[in-house]
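Protein chains in written order, with the working numbering: chain Z, 87 to 527; chain R, 1175 to 1473; chain E, 7 to 264; chain V, 80 to 393.
By construction, the Cβ of each residue, glycine as well, lies at the ideal position given by its N, Cα and C atoms.
The structure displayed is predicted, hence computed values, not measured ones.
Down below is the structure, laid out as structure tokens.
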Amino acid sequence: MGHSLQPKSWQRTLLGTATSLAIASGGILGFAGSASAQEDTFKVGLVTFLSGGASGPFGVPAAQAAETVIKAINEGTLPAPYNTKGINGLQLESVVIDEAGGPTKQVEEYRNLVQRQNVDAVIGYISSGDCLAVSPVAEELKTFTIAFDCGTPRLFPELESPKYFFRTGLDATADNVGAAHYLKETRPDITRVAGIQQNYAWGQDSWNDFQLSMKQLMPGAEFVDNQTPQIFQGSYGTEISALQTNRPEIIHSSMWGGDMEAFVAQANVRGLLDQATALLTTGESGFNRFKGQAPDGTILGGRGPFGAFMPDNDLSEWFSKAYEAQHGVPPSYPSSKMAQALLALKYAADNSGAEGKPSDEQLASTLKSATFESVSGTVRMALADGHQALQPMYYGEYYYSSETGPELRNIRSYSGACVSPPDGHDAQEWIKSGFPQADCN
Amino acid sequence: MLTIWAILIDGLIYASWLFLVAAGLTVIYGVMRILNMAHGSLYALGAYASASSIGWYYANGGDQLWIAFALLAGCAIVIGAIAGLIMERGVLRLMYGRDEVLMLIVTFALLLILEDLMKLAWGTTPYFAYQPYAALGRFNFGVLSVSGYQIMVIGVSVVVGAILWFWLERTRTGKILRSIIHDREVSEAMGVNVRRMFTMTFVIGAGLGAIAGGFTAPIISVVPGIGVEVIVVAFAVVVTGGLGSITGAAIGALIVGLARAASIHTMPQLELFIIYAVMASVLIFRPNGLFGQATARKI
Amino acid sequence: MTDILKTQGLSRYFGAVVAAEDINVTITDGEIVGVIGSNGAGKTTFINMVTGYLPPSSGIINFGGQPIGNLGPRKLMRRGLARSFQIPQLFLELSVLDNLAIALSAAEGRQLNMIRPVRTPERISAADDILEQMNITQYRNEMVTAMPQGARKLLDIAIAMLGDPKMLLLDEPTSGVSTDEKYNLMDTVMEVVRRRGLTVLFVEHDMEIIQRYVTRVLAFASGVVIKDGAVDEVLADAQVQELVTGKRHQPQTEQGDV
Amino acid sequence: MMHLQKSEVLLIVAALVLGLSSFISPDWLVFTSTLAIAAALVVMGVVMLMRAGLISFGQGLFYCMGGYAVGLGGRFLDVTDALALIGLGVLATVALAMVLGLLLTRYREIFFAMLTLAFSMILYGILVKSHGLGSTDGFGVVDWSILGYQPAQGHESSTALWLAIVLALAAALFLNRYFQSSLGLACEAIRENEVRVEYMGISRRQVLYINYVIAAALGSIGGSLTALTAGHVDPTMAYWTISGEFVFIALLGGTGHVAAPFIAAFIFILVRTYAVELFPNSWQLILGVVLLLIILFLPKGIWSLFTRKRRAEA
């Protein structure tokens, strides 16, 4: 213990030098970064979770899908109508950023992407909070931006007359309205319904929408319990007991990723899933991972026609094969959604009529109200004044055998006009007033 | 009545898990006065080690449950102890004598580093090692059921607690450690090799964190970030019980476990607050936690 | 001469342990009183009770004619009762001047001022005065960590004097100070004490210091005052020699040896 | 009567240079600078507590209150003036801090850290449960004006920067005096030796209480500025990892000087931004290593690089 705890002078000098160097090189990088992007490439910023609990099930599969699709776009190996090289002839270059850290940090990173790295467009955002925070900034900076996954119904109602911000997926309302329709069609006799949701906005919104829809569609059903464990809690023993004491027939859950898989495995072992059927609105991301852990008959959703719910067409067939060849597993819904957003970008660029690099205005006006082909079939940008995709919602039942692997049975689809509120309607009011103008045939 | 039984059982199950997670934290604090924020990362490390070894074993045709358990515990302990040794020898050793709170930040830095290292080693895809959990089945009580695995975790927790107690109260090393806890300077003056004791304590504490993770792995899906989630909970338990006290950790775990179970069964909306509410109210009445002792300044 | 400090039946128990019992002491203005006793005899407990650091289990303390039994150190300081410590209680990471400036601002009652610098010209000159009286001017701008033990003891006592106290309690002022230094230290302190006309109560192990600087001695053993009187009388007492100074047979052995 | 000290002149010059440079800086840098200044204000509060020997793992509580005051004031009270919104936050925060301070000044060390953390997490929990406020998603902040001046499109960033600079300069000038004042020194004295402080006739709780309330107010201003700049508030602001970040920055800078939090906040945000960009998969590792190196080689923070040079010259 004899020696001094104070750093020696040479150590201080060394660190002083190192600090100065670090600051200096930071400055140089800053200038290097602000040099304008090359003219023959189109630079897109990709923002998705690379750390934390959402990275495994969503962020990384999405980033991997982007890798696969961007490679194919640049090589021109996509099926028609996307079989041209690049986007509008430009090579696509990507910058990947971690979405972790909360909305304030994401606003900062978004500005860095646009203003320092000079990306031409941004695709990203799994978290609804990030979408809400970034969308006004995208409008302010006039940058073409596609939200590929976030599900909050508040996004467009809170964004006044959007011009540059798009969402190529459905919002969470559709998931839960669709879920209620599926129950009504396949299990008209159930009376006791319970829920378990992660304790944050997504879980609360999902349960609200689901409850309201059930009151409209199956007024006889009673809500016996709703558990709200914390996100990433991992262990649900107590919640499962509480659900068991309430004896539900259906357990609705909007939990996602590892939480959802862990809940299913634990509830299965505890026998809860013998007593009740689970309805998992994001269950598709576990489709290839449950193995025998989810009982046959568990109801899965995929947030639209994504992942295992992708319809058969050239694009989805190509995508499934290319993705599996490159990453070893079939694509789940976050992968499909990322692919769809990139295809939307390619569509908008190819059809912008621009010479060389399309401007943000050209991209935005081309994608607005457009109809394009995607891995999920034909996508119509028909909601939110042409800024959000209108797509059908799918649900199906999970069956597994160790010989043939997992499969979906009893799949039902509900048209976009059936599960999404028309423009100008608040989602919850729309459900409460009995789905006016919904077209469910 | 059903609910009361459920609260007791669930509370006990959760408490046993809390105790496993908190034991290493409180041992390290008691002896070294380091509140180890990287404890959660050691937990995650243990979970990854156990999940990947069990996954490997079953993927290669293994079907012996006891081998799976041996792998689970063995891999977790070994990797936790190695990580603990590297952390103590490589980093903490350079910092001894610094402020207690500065040490907290040092371990925070270790947490950040470990989180990314684990991501580099294991990727971000969730690991699932459900086989041991599924294999132990369940016990049914009417509509209620309890998983056999969770009962086993209660057992593990009791055994770990008993071993720790015996080690601290009945062995020579334990006596030395208690003398360090009581007065470090005096023990040092009496010829105790405090540094060696520190290394040993940290390795054991790290191993305990990893065991907690190892036994949790079959229940949950092991993903990046699980370590960060458990730290605050473990801290709350340890502070409630009184830092550095094994008995305190056990009682703190029971209180928090039962309070949480009661809230989930009766008022699920309050679950988010319950741990902090318990900690704050205990500290208001017992500023050093239930079994903590105030240290007076020598004048 | 009036009584400045008077205790009646003062006792303190820690569980079953008797730290001090039935202490009845009266000290008059201007006295310099020594407190002796072996370790654990209750001297520091007594000082801690008198200065409000430790509440008594029972008994009465009067200071300046007022009961002070339940006042803390802060209020007692304001009434003119100050103390120094066996282990100097200083702000180690602050400069000597700042240590004094804080004490001075507190003595003025301006410790909550948040705009004016603590180092006003008046406080600096007051600090320089006491540093000079205490013979530690050379450390004025050093951190306390840079001072030797003897200087720290002096600074500790200097701070105690800044509130302009009526009475000063010194807790083992020479412990940890080398034999060469201790008379110097005590001479310096007693000079200041005399100039200020303070009443002093001081705990000391060193009988030579006691004989040299005090007029009256309280001898503690097992929490009780076993003898209270003039220095020579108390030190000559057989019971004191046995229980406190440990010199009972010393005269004989000395003779035998020589 | 009050003549300017050298470091005050330097602070004013630095503020002017930073403000004027906003006319030529790229927009992202203006935005990042504003966030760094806002963070530095919160960190100043953390530094105040640290000087008194207390580490708060819950300064996010006040940061979040300042942010939500801006959000709620704009949304429900139709207040759009930035200064009024900030004032609203400070009022609410000071009121809360005056209540919490009564309890918290009794605690030290890890217990203080854990209790502040607990209170911050309770606010987080309440906000997560507040469905009307968007739960974890939070909500957007209304367009704001300042004393009747509505920044034109494209000038929001620089207006926010100027606002931040003015407020931060005022705070820095105050703190510079504060650190040298009786109260400021009394805080350090409490860190060093509480027994002596009490024997000097100083009430520790009074000193710590005032210090805590001022630190809370600074946290609130930082949160309000962040909300005005980023245009969005959400409960993450009260999550303990955010509070941990402030402690991180405080240690990075050190407690030696009021300028230290600003320098540290800039370095932290730049290091993080480049780490996120260059090593998207291992930026936490980089942050962790940087933190360890600082603690190992500069235990008193980056500011000690400056004081050492000065001492060597003297």
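C-beta atoms of V/A317 and V/L202 nearer than 8 angstroms
In contact: V/A317 and V/L202 (Cβ atoms closer than 8 angstroms).
With distances taken Cα to Cα, identify the nearest neighbour of R/G1185 among R/I1328, R/L1219, R/Y1450 and R/E1359.
Selected option, being the one with the closest Cα: R/I1328.
Tell me whether Z/Q477 sits in a helix, a strand or coil according to DSSP, three-state version.
If DSSP states are grouped into helix, strand and coil, Z/Q477 belongs with coil.
In chain Z, which residues lie with their C-beta within 8 angstroms of the C-beta of V/L114?
In chain order: T190 and E194.
Since Z/S418 contacts Z/G387 with CB under 8 angstroms, what's their CB separation in whole angstroms?
Going by Cβ atoms, the distance from Z/S418 to Z/G387 rounds to 12 angstroms, so no, they are not a contact pair.
Would you say Z/I114 lies against chain V (beta-carbon separation less than 8 angstroms)?
Its pLDDT being 40, under 50, Z/I114 is placed unreliably in this model, and the value from its coordinates should be taken loosely. It does not: the Cβ of Z/I114 has no partner Cβ on chain V nearer than 8 angstroms.
Cutting at 7 angstroms between CB atoms, please list the residues of its own chain near E/D35, excluding the five before and the five after it.
M7, T8, I10 and T205
Taking 8 angstroms as the CB-CB cut-off, is V/N290 touching chain Z?
Cβ-Cβ to chain Z under 8 angstroms: no for V/N290.
Checking the sheet assignment: what are the DSSP bridge partners for E/P73?
In DSSP, E/P73 forms a bridge with E/N68.
Residues of chain R with CB under 8 angstroms from V/S237, in chain order?
Those do not exist, as V/S237 stays about 34 angstroms from chain R at its closest Cβ, beyond 8 angstroms.
Measure from the C-beta of V/W319 to each C-beta in chain R and report whether the shortest distance is under 8 angstroms.
Yes, its Cβ sits closer than 8 angstroms to a Cβ of chain R.
Whether V/G367 touches R/A1283 by CB criterion (8 angstroms):
yes
Residue environment, Z/N332, which counts as buried when at least 16 other CB atoms sit within 10 Å
buried
Helix, strand or coil: which one does DSSP assign to Z/Q523?
coil
Short CB-CB distance (under 8 angstroms) between V/I134 and chain E:
no
I want to see whether chain V comes within less than 8 angstroms of R/Q1467, judged by CB atoms only; does it?
Taking 8 angstroms as the threshold, the shortest C-beta distance from R/Q1467 to chain V does not fall below it.
Could you give the C-beta distance for E/I66 and E/T13, rounded to a whole number, given that I count them as a contact under 8 angstroms?
7 angstroms
In chain order, what residues of the same chain have a beta carbon less than 7 angstroms from the beta carbon of V/L95, not counting five sequence neighbours either side?
Once the five neighbours on either side are set aside, V/L95 has no close Cβ partner at all.
Which listed residue (V/E267, V/F141 and V/V122) has its alpha carbon closest to that of E/D104
V/E267
Within its chain, find whatever has a CB closer than 7 angstroms to the CB of Z/L107; leave out the 5 residues flanking it on each side and keep chain order.
Because Z/L107 carries a pLDDT of 44, less than 50, the predicted location of this residue cannot be relied on, and no value is offered for it.
Less than 8 angstroms between CB atoms is the rule here; does Z/Q150 satisfy it with respect to chain V?
Not closer than 8 angstroms to any Cβ of chain V, the Cβ of Z/Q150 fails to qualify, so no.
Neighbour flag for R/K1293 against chain V, beta carbons, 8 angstroms:
yes
The stretch 1232–1266 of chain R: positions lying closer than 7 angstroms to chain Z by Cβ
Within the stretch 1232–1266 of chain R, no residue has a Cβ that lies closer than 7 angstroms to any Cβ of chain Z.
In whole angstroms, what is the alpha-carbon distance linking V/T184 and V/V178?
11 angstroms
Looking at chain V, is there any beta carbon in it that lies within less than 8 angstroms of the beta carbon of E/F208?
By this cut-off, E/F208 is not an interface position.
Near-chain R residues of the stretch 373–384 of chain Z (beta-carbon distance less than 8 angstroms), N- to C-terminal order
R375 and Q379
Is Z/R375 helix, strand or coil by DSSP?
coil
Name the one or two DSSP bridge partners that Z/E459 has.
Z/T464
Please name the residue or residues paired with Z/A207 in a DSSP beta bridge.
Z/V130
Report the neighbours of Z/R253 on chain V: residues whose CB is nearer than 7 angstroms to its CB, in chain order.
Chain V residues near Z/R253: none, gap ~15 angstroms exceeds 7 angstroms.
Beta carbon of V/E87, beta carbon of E/F97: below 8 angstroms?
Their beta carbons are not under 8 angstroms apart, which means V/E87 does not touch E/F97 by this criterion.
Assuming Z/A266 is part of the alpha helix (DSSP H), what are its boundary residues?
A258 to T272
Hey, how far is the Cα of Z/A266 from the Cα of Z/K301?
Here the alpha carbon of Z/A266 sits roughly 9 angstroms from the alpha carbon of Z/K301.
Check whether the Cβ of Z/G215 lies closer than 8 angstroms to any Cβ atom in chain V.
For Z/G215, the answer is yes, since a Cβ of chain V falls inside 8 angstroms of its Cβ.
Spatial neighbours of R/A1410 within its chain, please: C-beta separation below 6 angstroms, excluding the five flanking residues on both sides.
I1449 and M1453
If we cut at 8 angstroms on Cβ distances, does Z/T464 have a partner in chain V?
It does not: the Cβ of Z/T464 has no partner Cβ on chain V nearer than 8 angstroms.
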